[in-house]
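Heads up: the protein sequence lines correspond to chains W and D, in order.
Using this note's numbering, the letters of the first sequence correspond one by one to residues 1346 to 2043.
Using this note's numbering, the letters of the second sequence correspond one by one to residues 1346 to 2043.
2 protein chains.
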Amino acid sequence: RSRGKAHKYRYVVLKWTFCLLIGVLVAAVGFFNNLAVENITGFKFLSLSKLMEAERYWTAFGVFAGSNLLLLLFASAITSFISPAAGGSGIPEVKAYLNGVDAPNIFTLKTLFVKILGNITAVSSSLHVGKAGPMVHIGACIASIFGQGGSQKYHLTCDWLRYFKNDRDRRDLVTIGASAGIAAGFRAPVGGVLLAVESLSSWWRSALLWRSFFATAVVAVVLRVLIGVCDSGQCGLFGKGGLIMYDVTNDTTTYQLADLPIVILLGIIGGVLGSLYNFLMLKVLRIYGYINEKSHAHKLLLTSAVSILISCFLYWLPWIASCRPCPSTSNGDCLSTNRFRQFQCPKNYYNDLASLFLNTHDNAIRNLYSTGTNDFYHPLSLLLFFVSSYIFGILSYGVVAPFGLFVPIILTGATYGRFVAILLGSYTELDHGLVAILGSASFLGGTMRMTVSVCVIIIELTNNLLLLPLVMLVLLVSKTVADSFNGNIYDMILQLKGLPYLEGHAEPYMRQLTVSDVLSGPLHSFNGVEKVGNIVHTLRSTRHHAFPVIDEPPFSPSPVLYGLILRSHLLVVLKKKAFVPTNSLSGHEKASKIFVASDFDKRGSGKHDTIDDVNITPEEMEMFVDLHPFTNTSPYTVVETMSLAKALTLFREVGLRHMLVVPKSSDRAPVVGILTRHDFLPEHILGLHPFLVRSHWK
Amino acid sequence: RSRGKAHKYRYVVLKWTFCLLIGVLVAAVGFFNNLAVENITGFKFLSLSKLMEAERYWTAFGVFAGSNLLLLLFASAITSFISPAAGGSGIPEVKAYLNGVDAPNIFTLKTLFVKILGNITAVSSSLHVGKAGPMVHIGACIASIFGQGGSQKYHLTCDWLRYFKNDRDRRDLVTIGASAGIAAGFRAPVGGVLLAVESLSSWWRSALLWRSFFATAVVAVVLRVLIGVCDSGQCGLFGKGGLIMYDVTNDTTTYQLADLPIVILLGIIGGVLGSLYNFLMLKVLRIYGYINEKSHAHKLLLTSAVSILISCFLYWLPWIASCRPCPSTSNGDCLSTNRFRQFQCPKNYYNDLASLFLNTHDNAIRNLYSTGTNDFYHPLSLLLFFVSSYIFGILSYGVVAPFGLFVPIILTGATYGRFVAILLGSYTELDHGLVAILGSASFLGGTMRMTVSVCVIIIELTNNLLLLPLVMLVLLVSKTVADSFNGNIYDMILQLKGLPYLEGHAEPYMRQLTVSDVLSGPLHSFNGVEKVGNIVHTLRSTRHHAFPVIDEPPFSPSPVLYGLILRSHLLVVLKKKAFVPTNSLSGHEKASKIFVASDFDKRGSGKHDTIDDVNITPEEMEMFVDLHPFTNTSPYTVVETMSLAKALTLFREVGLRHMLVVPKSSDRAPVVGILTRHDFLPEHILGLHPFLVRSHWK
């Protein structure tokens, strides 16, 4: 790749400009999401309480359930009909992309819009879902569209911006976008970067740390400015949430060594509940998946059923709770601060269950985290809310619409944290709000199995650095406990979606195998100068993405490996018809006349050319093409006797898509096979060598 | 590597136990260091102020300068005579170790003790040096000693513990130890982990993140307990420092968009001052290095000169400052809180310069960071203190003794931060204490060029999360500015020490070269069954660490590459004299009778066997040895035409020490060369291809 100083300079400037723009845009989208959700839900709850004050309870229920249903159906419909790739949280897809798996259409402009709109409406529909997870996908989408220089489909491209043409640059941008997304979702700049390091990216470089850090710093600054604008009250029902979402700084946080057992207890509970949550979630996702794949009507029917079911519970369960008098400290305005709900109660009384159920998730979490409120909630209300939000969370996620898992998990965790604190009673002097924070942490650790990033996010969410050791411990305990039952939820979803994610470590049995043990299927290779017909036939009859190129006599004294050629490059060559009539070298000079370097750029995430788009006449089929100029002459190779574990290390650490296997002795063909990601997947290997399943190496 | 379930279980338990123990020990050492330093310096300053109250000014100076000299001479002497590897901060050595460079004796028990003792005395000697950096080395040392299962030299080994016998496990432990060290040094658990990710380690895995996080969580908990013990006043003159070193939470931190230019200005100043600091430091280190390598006497003479010089300035400079009345808010006890120094002033007056000069660094930083103290310091005092601490910092570091760079840099940065704040006057409403924090951040960014980790450390040091966006921005600006002048200080020291650190990225000119372009020197290889004499001769005449093993007729039909054998394994084989009289295969069965797997464990960091320790009789020289059982049969190989950049990616990402180069065509010897770390160093490549120096690829 030859580029002079000017190119290099432009490249660096563009790289940083993109980080800046990604930061600004992601922050704006994150803020807009919040604004929209809080206004829609705020308006909904306002109408609800007006109708309840007028004692028109059934009308209230009708309005509540009806608006929820409409909102969710809208989200579900645009996802199903316009962009199915926008469904779910998108974190598994981003994680797979950063591992080298390009799922179709995940980073298009259409997906981005559906994701934003769908997420706003779905979250506003009082479904038990979050708005932080999708921010990862939104951030990654924005970044990827920048990386492609715009959207080709809608002709929104700018050549000046099309500068990031290889996998690595794109992957870097997507990582940065994902960090910015988390940073915007939780207003947690450091946490965002760490989450990308810990759970999203498969390769990490120090330089990337710095750039994603820049992007998240921009996010923090932009968010601060936007929130500052809203502080003057021009944002409708947007709450008072500052840069710290659930600020608990001003309260004293003291803890003793004697509180450590409680922390460990919470960790164990979180681990057990978390792994059970993952287990149940997987079951429900399987059932939903079975329904959803039938037809669009089935999807919408399922959506409606879930929405109506949850609306019923949300509205009718709080009637069980008794009315509680407003605390004396709040001077009677306990209802006006949006924290407590009057519901069916008389003036100056609040319904604790309704305050949790019929509120935005953010407000409910704020309620549970607030300190000095030990006796604000009845234990049974908390238990009821915990059980229902645990179940609602599991039931909600499989619905086809864009939303995330973080917020429901934080909320559910906070609830059992508080419940445990009440049960422990006078044993501990820990504030119940703090125990709620630890509960959230433990449940996050039990389901998502992240440690450092979740810890930092919790600290950034609550602005309470002194909690750090406790949060760390609770996360470690809950992760350890949960890991002994099953895997983390995103990996489960990854597997369920069938994305071929490649783990970084080798399984023990891979040490017993050599690469030749996993080679399968016939090898398709081309000669240095190959007949067009052969190429077309091979491309039509196989789905391989790369082929070895071998020089045979008369072009070399004996068969020798020349390199590796990509299917996408072959298609470009065929399309431009760079053919010669005879079997002879035409060479690099001719190629440089017909082709420019950008012909071979990595394509964006939209639709790609296939061999069926190339029209070759029968005469051309008999012609030849010199593949030498288009071949990568430095492919990574391994000897056939190389240990499979070592080959995997090479494949994964260097981030390859193809690896050539060469023979040990020199009297055979110069290539014996080609390894791809699929050849390293445990399913493939154990399928070829079933005895390994029961061996003690497994 | 065959191990059953029990072994695996023991391995996992041991891994986590080590993390726990490393955390506990590192925290204990970190706490002990602080305790010792604060007591020694506290006692020193107490005597000083008593003598000054008695107006015995010259005696006071004598006591001050004398105790400083003695303390520093002690530190310098033990370092020079007992363990030179303990000198300096140790961060470059740890960084190099994690890159694959084993510097001699850096992780021995002797080094550990010298490092701890020397650091305490050196810091107590009022030299302008820190105690946080050496904690990295101390942590790494402790971890490495665990990894070796104790110290062999002092027979403190335990076989049960000797379980981490390969490079990767050791490297993991050292990374964890280093994280714990930073965490203990700054009481910053998240910052510790991040520093290890960002600047120390060359390879990083998610699993490591989790384990180092556990270790730093343990550090935080143990520190909290120990500090709790001291709160009851049983620790002598140990200050009131809690888990947060310079807590500034309780003060309001507000900033506007209009303050951003100030942040950027500070960043630029920090970048310029930082790169100049690095530049001057390098010059001074070169001069000191020239003096130090002459003799031990020279070292001690230099030490004494620096100590006396700095003592003079520390004591006599404050006489310039005028006396300032104690602030009314402090109720007259401004002198008793250890923050302000009365020095030569009358009662209820303080000398601002002495309060900075004649104080522990921690107290000085606390003074500068404290908010609501905008008019406590005279601008000229700050300027004077800034200039002298800038120069003292540069003059101090080259002295032969164990100490770090962090604290002086934080202190110097805080001073110019405050000075800038005073100069800006009414332009900004930012509190001067906050500007001091930003100043520290900018200077850290300008010298050490770390971003995320320093940001988190600053936040953890000051417990002020709202500062985050500002700290991020100031760091980014200062790093960018400084990077345009020169490299970071640790890399400079690395180069100065001649440690062959391998960068992760390939230089542009490497894309133009193939691996065969950098091969140099004759290749030494062995036959599968080799004559003992040949092995001994080759080991004596070369310093290579690994040799290809080639099977030739009659053991194979044509010469074929069998694998790679390490020098250290050859030495084991020679020592045990596993010889056969004739040129024949003796095979794996015989080898398994003579050797056990642990014979080939990776050795610890102490003294190793050399070929001169092996005695071979002339008769034995004529015998043969079958190398097959001792050969690694899966070495990583590259074809000679592979691009050098790609080969470097493989070498670096997989973490290799040797890589075999195989020929392209099959009619030559099966190996054409062996690549090691040195072959990828720019010095080596540019030496072989001098024209590249001036090419535009450079």
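A virtual CB, placed ideally from N, CA and C, is assigned to each residue, including glycine.
Buried/exposed call for Glu2028 of chain D, threshold 16 Cβ in 10 Å
Reading the second sequence from its first residue, position 683 is the one you call residue 2028 of chain D. Classification of Glu2028 of chain D: exposed, given that the 10 Å Cβ count is below 16.
Are the Cβ atoms of Leu2019 of chain D and Pro1926 of chain D separated by less than 8 Å?
Residue 2019 of chain D sits at position 674 when you count from the first residue of the second sequence. Residue 1926 of chain D sits at position 581 when you count from the first residue of the second sequence. The displayed chain sequence assigns Ile, not Leu, to residue 2019 of chain D. Their beta carbons are not under 8 Å apart, which means Ile2019 of chain D does not touch Pro1926 of chain D by this criterion.
When you compare only the Cα positions, how much space is there between Val1459 of chain W and Leu1839 of chain W?
Locating residue 1459 of chain W in the first sequence gives position 114, where the first residue counts as 1. Locating residue 1839 of chain W in the first sequence gives position 494, where the first residue counts as 1. Between Val1459 of chain W and Leu1839 of chain W, the C-alpha separation is close to 21 Å.
Arg1569 of chain W: contacting residues in chain D (beta-carbon distance under 7 Å)
Mapped onto the first sequence, residue 1569 of chain W falls at position 224. Residues of chain D passing the Cβ test: Pro1814.
Checking contacts by CB at 8 Å: is Ser1470 of chain W closer than that to chain D?
For this step, residue 1470 of chain W is matched to residue 125 along the first sequence. Closer than 8 Å: no.
Give a yes or no on whether the minimum CB-CB distance between Glu1985 of chain D and chain W is below 8 Å.
Counted from its first residue, the second sequence places residue 1985 of chain D at position 640. Answer no: the Cβ-Cβ gap between Glu1985 of chain D and chain W never drops below 8 Å.
Could you please give the first and the last residue of the uninterrupted beta strand (DSSP E) stretch that includes Leu2005 of chain W?
Mapped onto the first sequence, residue 2005 of chain W falls at position 660. Start and end: 2003–2007.
Using a Cβ-Cβ distance under 8 Å, would Val1799 of chain W count as near chain D?
Indexing the first sequence from 1 puts residue 1799 of chain W at position 454. Not an interface residue.
What residues in its chain sit with their C-beta under 7 Å from that of Gly1463 of chain D, if we drop five residues either side in the sequence?
Along the second sequence, read from residue 1 onward, the residue named residue 1463 of chain D stands at position 118. Excluding residues within five positions, the ones whose Cβ falls inside 7 Å are Ala1420, Ile1423, Thr1424, Ala1431, Ala1746, Pro1747.
Beta-bridge partners of Cys1671 of chain D, as assigned by DSSP:
Within the second sequence, residue 1671 of chain D is the residue found at index 326, counting from 1. DSSP, once it has assigned bridges, lists no residue as partnering Cys1671 of chain D.
Tell me the residue span of the beta strand (DSSP E) that contains Leu1621 of chain W.
Position 276 of the first sequence, counted from the first residue, corresponds to residue 1621 of chain W. Leu1621 of chain W -> not in any beta strand (DSSP E); alpha helix (DSSP H) instead, spanning 1605–1637.
Measure how close the beta-carbons of Gly1615 of chain D and Phe1788 of chain D come, nearest whole angstrom, since I'm counting them as under 8 Å.
Position 270 of the second sequence holds residue 1615 of chain D. Position 443 of the second sequence holds residue 1788 of chain D. That belief holds up - the Cβ atoms of Gly1615 of chain D and Phe1788 of chain D are roughly 5 Å apart, short of 8 Å.
Exposure label - Ser1741 of chain D; buried when at least 16 CB within 10 Å
Taking the first residue of the second sequence as position 1, residue 1741 of chain D is located at position 396. Looking at its Cβ environment, which holds 16 or more other Cβ atoms inside 10 Å, Ser1741 of chain D is buried.
Residues from the stretch 1549–1563 of chain D in contact with chain W, defined by Cβ distance under 7 Å:
Trp1549, Arg1550, Ser1551, Leu1554, Trp1555, Phe1558, Phe1559, Ala1562
Quick one: using the 10 Å Cβ neighbour count with 16 as the cut-off for buried, is Val1801 of chain W buried or exposed?
Here the question's residue 1801 of chain W lines up with position 456 in the first sequence. Looking at its Cβ environment, which holds 16 or more other Cβ atoms inside 10 Å, Val1801 of chain W is buried.
Please report the Cβ distance between Lys1842 of chain W and Pro1437 of chain W, rounded to the nearest whole angstrom; I am assuming they are in contact, meaning their Cβ atoms lie under 8 Å.
Locating residue 1842 of chain W in the first sequence gives position 497, counting from the first residue. Locating residue 1437 of chain W in the first sequence gives position 92, counting from the first residue. Lys1842 of chain W to Pro1437 of chain W, Cβ: 6 Å. Contact.
Looking at Phe1871 of chain W: is its Cβ nearer than 8 Å to the Cβ of Val1917 of chain W?
The residue given as residue 1871 of chain W occupies position 526 in the first sequence. The residue given as residue 1917 of chain W occupies position 572 in the first sequence. Not in contact: Phe1871 of chain W and Val1917 of chain W (Cβ atoms no closer than 8 Å).
Counting Cβ pairs closer than 8 Å, one from the stretch 1557–1567 of chain D and one from the stretch 1555–1562 of chain W, do we hit at least three?
no
Ala1410 of chain D (DSSP reduced to helix, strand or coil)
Reading the second sequence from its first residue, position 65 is the one you call residue 1410 of chain D. Reduced to three states, the DSSP call for Ala1410 of chain D is helix.
Examine chain W for any beta-carbon lying closer than 8 Å to the beta-carbon of Ser2011 of chain D, and answer yes or no.
Numbered from its first residue, the second sequence carries residue 2011 of chain D at position 666. Yes, because at least one Cβ of chain W sits closer than 8 Å to the Cβ of Ser2011 of chain D.
Of the residues that make up the stretch 1821–1850 of chain W, which ones have a beta carbon closer than 7 Å to any beta carbon in chain D?
Leu1821, Gly1849
If you draw a straight line from the C-alpha of Ser1347 of chain W to the C-alpha of Ile1880 of chain W, how long is it?
The count along the first sequence starts at 1 and reaches residue 1347 of chain W at position 2. The count along the first sequence starts at 1 and reaches residue 1880 of chain W at position 535. Legend: pLDDT at Ser1347 of chain W = 46, less than 50; position of this residue unreliable, value from coordinates given subsequently. Approximately 29 Å, taken between the alpha carbons.
Spatial distance of Leu2026 of chain D from Pro1845 of chain D (CA atoms):
In the second sequence, the residue the question calls residue 2026 of chain D occupies position 681. In the second sequence, the residue the question calls residue 1845 of chain D occupies position 500. Each residue's alpha carbon lies about 7 Å from the other.
Check whether His1473 of chain D and Ser1734 of chain D have beta carbons under 8 Å apart:
Counting from 1 along the second sequence, the entry for residue 1473 of chain D is found at position 128. Counting from 1 along the second sequence, the entry for residue 1734 of chain D is found at position 389. Closer than 8 Å, so yes.
Residue nearest to Asn1384 of chain W in terms of C-alpha spacing, selected from W:Gly1530, W:Cys1580, W:Ile1367, W:Gly1478:
Sequence index remark: in the first sequence, residue 1384 of chain W carries index 39 (1-based). For the residues W:Gly1530, W:Cys1580, W:Ile1367, W:Gly1478, the minimum Cα distance to Asn1384 of chain W belongs to W:Cys1580.
Using a Cβ-Cβ cutoff of 7 Å, what residues of the stretch 1967–2000 of chain W are near chain D? List them in chain order.
Thr1978, Ser1979, Tyr1981, Thr1982, Val1984, Thr1986, Met1987, Ser1988, Lys1991, Thr1994, Leu1995, Glu1998, Val1999
For Arg1856 of chain D and Gly1475 of chain W, the rounded distance between their alpha carbons:
Here the question's residue 1475 of chain W lines up with position 130 in the first sequence. Here the question's residue 1856 of chain D lines up with position 511 in the second sequence. So the alpha carbons of these two residues sit roughly 47 Å apart.
Interface partners of Val1545 of chain D on chain W, CB under 9 Å:
Locating residue 1545 of chain D in the second sequence gives position 200, counting from the first residue. Just to set this straight, residue 1545 of chain D is Leu in the shown sequence, not Val. Correct list: empty, because the minimum Cβ distance to chain W is about 10 Å.
Taking Val1468 of chain D as the reference, which of D:Pro2015, D:Ser1785, D:Phe1751 has the closest Cα?
Numbered from its first residue, the second sequence carries residue 1468 of chain D at position 123. When only C-alpha atoms are compared, the closest one is D:Phe1751.
Between the alpha carbons of Leu1627 of chain D and Met1837 of chain D, how many angstroms are there, rounded?
One-based indexing of the second sequence puts residue 1627 of chain D at position 282. One-based indexing of the second sequence puts residue 1837 of chain D at position 492. Near 7 Å, if we compare the C-alpha coordinates of Met1837 of chain D and Leu1627 of chain D.
Considering Cα atoms alone, identify which of D:Arg1912, D:Ser1931, D:Val1983, D:Asp1971 is closest to His1953 of chain D.
To locate residue 1953 of chain D, count along the second sequence from 1; it is residue 608. Checked all of D:Arg1912, D:Ser1931, D:Val1983, D:Asp1971; the closest Cα to His1953 of chain D is D:Arg1912.
Suppose only complete runs of 4+ residues qualify. What are the alpha helix (DSSP H) ranges in the stretch 1534–1570 of chain D, listed by chain order?
1534–1540
When you compare each of D:Ser1988, D:Ser1937, D:Leu1847, D:Thr1994 to Leu1972 of chain D by their alpha carbons, which one comes out closest?
Within the second sequence, the letter at position 627 stands for residue 1972 of chain D. Of D:Ser1988, D:Ser1937, D:Leu1847, D:Thr1994, the residue nearest in Cα terms is D:Ser1937.
Let me check understanding here. Comparing Cα to Cα, which of D:Ala1488, D:Arg1794, D:Gly1634 lies closest to Gly1368 of chain D?
Counting from 1 along the second sequence, the entry for residue 1368 of chain D is found at position 23. Of the listed residues, the one whose Cα sits closest to Gly1368 of chain D is D:Ala1488.
Note down, in chain order, each residue of its chain lying with its Cβ closer than 6 Å to the Cβ of Ser1470 of chain W, except the 5 sequence neighbours on either side.
Counting from one through the first sequence, the residue named residue 1470 of chain W turns up at place 125. Closer than 6 Å at the Cβ level, and outside the excluded window around Ser1470 of chain W, lie Asn1413, Leu1416, Leu1417.
In terms of residues, what are the limits of the alpha helix (DSSP H) holding Lys1460 of chain W?
As a first step, residue 1460 of chain W is located in the first sequence; it is residue number 115 there, counting from the start. Note, Lys1460 of chain W: alpha helix (DSSP H), 1454–1469.
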